[in-house]
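Colleague: Please read through the structure below; I'll follow up with questions.
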Amino acid sequence: MYENDGIEIDLSRIFGIIKKYFKPFVLIILTTSVAAVLITLFLIPKKYTAEAKLIIVQKSNPDSQQISYNDLQTSQKLVNTYSEILRSEAISDEVIHNLNLEIEGIDHSSYLGMVNISSVNNTEVINIKVKTKNPNLSARIANEIVSVFQQKIVTIMNIENVTVLNSAKIPDQKSSPSNVKNTIIGFLLGCLIDSCVIAYLLVNDKNIRTEEEMKQIFNYPIIGLIPDMNTVGGPE
201 MYENDGIEID LSRIFGIIKK YFKPFVLIIL TTSVAAVLIT LFLIPKKYTA EAKLIIVQKS
261 NPDSQQISYN DLQTSQKLVN TYSEILRSEA ISDEVIHNLN LEIEGIDHSS YLGMVNISSV
321 NNTEVINIKV KTKNPNLSAR IANEIVSVFQ QKIVTIMNIE NVTVLNSAKI PDQKSSPSNV
381 KNTIIGFLLG CLIDSCVIAY LLVNDKNIRT EEEMKQIFNY PIIGLIPDMN TVGGPE
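Residue 249 in the working numbering sits at position 49 of the sequence shown; the count goes up by one each step and never skips.
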């Protein structure tokens, strides 16, 4: 009971602070949210993602026109190997050279930063995503990676059955930054600032409001109370 009373007192103080400083708290949240939107729109560079897909099947019998279940299983297990090859300098150097990307300061390290290679739900399908500030460049790099990989994989892994599921198209919408995500981050930052202010005011609040608080602080019995003359009526 005593602990419950303490919790109620603390909550009442929190709600009291929120009520007293409600407008400044709302202003803080609005400020951080608007700031996040403005930073997203005008300061963070927009980036565009182009995506291409490959399917690679390694046949156990090259002369056969059919693909067996074992061929599919083997190909799925080798997807990680293909992904590492796509990230290797053997591919990146060729792509950079063919597209003259050295002019834009793109090297192997930059290539790894803009290219994302992944498998599709543990299948033999490989996703190639390229994110740059230029939508045309993203599509060109993605398609060039596919082209170079098809040529290189024949000699690296002795595989010829590489099929392009879809070539990369020029993206018409940015993939980052996200206006909604950053606005939510700004909103949460405002809430965090408000919480810190509330915690500071609670810690520095030295007022004693109830008889129970007096007993907790001084550990002495209360021998008398002074009535609030604003609420207690005087003699008629």
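Heads up, the beta-carbon is just placed ideally off N, CA and C, and yes, glycines get one too.
Fair warning: this is a prediction, and the values are worked out from it, not measured in the lab.
#1: Quick check: the Cα distance between residue 216 and residue 387, rounded to an integer number of angstroms?
#2: Assess contact between the segment 343-363 and the segment 287-294, defined as three or more Cβ pairs (one per stretch) separated by less than 8 angstroms. Is contact present?
#3: Answer yes or no: do residue 341 and residue 254 have a C-beta to C-beta separation smaller than 8 angstroms?
#4: Ignoring anything shorter than 3 residues, give me the beta strand (DSSP E) runs that lie fully in the segment 360-400, in order along the chain.
#5: Cα separation between residue 242 and residue 404?
#6: Near residue 333, which residues of its chain fall below 6 angstroms by C-beta distance, leaving aside the five closest residues on each side in sequence?
#7: Residues in the same chain with beta-carbon distance under 7 angstroms from residue 279, minus the five sequence neighbours each way, listed in chain order, please.
#8: I need the boundaries of the alpha helix (DSSP H) containing residue 298, first residue and last residue.
#9: Excluding five sequence neighbours on each side, which residues of the same chain lie with their C-beta closer than 6 angstroms to the C-beta of residue 250?
#10: What separation, rounded to the nearest whole angstrom, lies between the Cα atoms of residue 285 and residue 211?
#11: For residue 394 and residue 222, which I take to be in contact (beta-carbon distance under 8 angstroms), what is that distance rounded to the nearest angstrom?
#12: Among 252, 235 and 385, which has the Cα closest to the Cα of residue 347?
#13: Is it right to say residue 236 is buried, meaning 16 or more other beta carbons lie within 10 angstroms of its own, or is it exposed?
#14: Do residue 345 and residue 364 have their C-beta atoms closer together than 8 angstroms?
#15: CB residue 317 to CB residue 283, shorter than 8 angstroms?
#16: Any idea if residue 233 is buried or exposed, counting beta-carbon neighbours within 10 angstroms, 16 or more meaning buried?
#17: Beta carbon of residue 398, beta carbon of residue 229: below 8 angstroms?
#18: Is residue 248 helix, strand or coil by DSSP?
#19: Assuming contact is defined by CB atoms lying nearer than 8 angstroms, are residue 379 and residue 231 in contact in what I supplied?
#20: With DSSP as the reference, please indicate the residues paired to residue 254 in a beta bridge.
#21: Residues in its own chain within less than 7 angstroms of residue 220 by CB, not counting five upstream and five downstream?
Modeller: Reading from the atomic positions:
#1: For the purposes of this step, residue 216 is taken as the residue at position 16 of the sequence shown. For the purposes of this step, residue 387 is taken as the residue at position 187 of the sequence shown. Rounded to whole angstroms, residue 216 to residue 387 spans 22 angstroms at the Cα level.
#2: A contact exists between the segment 343-363 and the segment 287-294.
#3: Within the sequence shown, residue 341 is the residue found at index 141, counting from 1. Within the sequence shown, residue 254 is the residue found at index 54, counting from 1. It is not a contact, given that the beta carbons lie outside the stated cut-off.
#4: Counting only runs of 3 or more, we get 362-366.
#5: The residue given as residue 242 occupies position 42 in the sequence shown. The residue given as residue 404 occupies position 204 in the sequence shown. Their Cα atoms are separated by approximately 40 angstroms.
#6: Residue mapping note: residue 333 aligns to position 133 of the sequence shown, counting from 1. Correct list, in chain order: 245 and 247.
#7: Locating residue 279 in the sequence shown gives position 79, counting from the first residue. Within the same chain, and ignoring the five residues on either side of residue 279 in sequence, the residues whose Cβ sits closer than 7 angstroms to its Cβ are 319, 324 and 326.
#8: Locating residue 298 in the sequence shown gives position 98, counting from the first residue. Looking at the DSSP string, the run of the alpha helix (DSSP H) that includes residue 298 is 289-298.
#9: The residue labelled residue 250 in the question sits at position 50 within the sequence shown. Within the same chain, and ignoring the five residues on either side of residue 250 in sequence, the residues whose Cβ sits closer than 6 angstroms to its Cβ are 330, 338, 339, 342, 368 and 371.
#10: Walking along the sequence shown from the start, residue 285 turns up at place 85. Walking along the sequence shown from the start, residue 211 turns up at place 11. Note on geometry: alpha-carbon atoms of residue 285 and residue 211 lie some 59 angstroms from one another.
#11: Mapped onto the sequence shown, residue 394 falls at position 194. Mapped onto the sequence shown, residue 222 falls at position 22. Between residue 394 and residue 222 a beta carbon distance of about 10 angstroms is seen, past the 8 angstroms cut, so the two are scored as non-contacting.
#12: Against the sequence shown, residue 347 aligns to sequence position 147. Looking at the Cα atoms, 252 is the closest of the given residues.
#13: Start at 1 with the first residue of the sequence shown, and residue 236 comes out as number 36. Counting the other CB atoms within 10 Å of its CB gives residue 236 a total of 16 or more, which places it among the buried residues.
#14: In the sequence shown, residue 345 corresponds to position 145, counting from 1. In the sequence shown, residue 364 corresponds to position 164, counting from 1. Taking 8 angstroms as the Cβ cut-off, residue 345 and residue 364 do not qualify as a contacting pair.
#15: If you number the sequence shown from 1, residue 317 lands on position 117. If you number the sequence shown from 1, residue 283 lands on position 83. Between residue 317 and residue 283, the gap from beta carbon to beta carbon is short of 8 angstroms.
#16: Here residue 233 corresponds to residue number 33 of the sequence shown, with the count starting at 1. Buried.
#17: One-based indexing of the sequence shown puts residue 398 at position 198. One-based indexing of the sequence shown puts residue 229 at position 29. In this structure, residue 229 does not lie closer than 8 angstroms to residue 398 by Cβ.
#18: Taking the sequence shown and counting its residues from 1, one reaches residue 248 at position 48. Assigned with DSSP and collapsed to three states, residue 248 falls in strand.
#19: Reading the sequence shown from its first residue, position 179 is the one you call residue 379. Reading the sequence shown from its first residue, position 31 is the one you call residue 231. No, the Cβ-Cβ distance between residue 379 and residue 231 is not below 8 angstroms.
#20: Numbered from its first residue, the sequence shown carries residue 254 at position 54. Partner(s): 326 and 364.
#21: Stepping through the sequence shown from its first residue, residue 220 is reached at position 20. So no residue of the chain qualifies.
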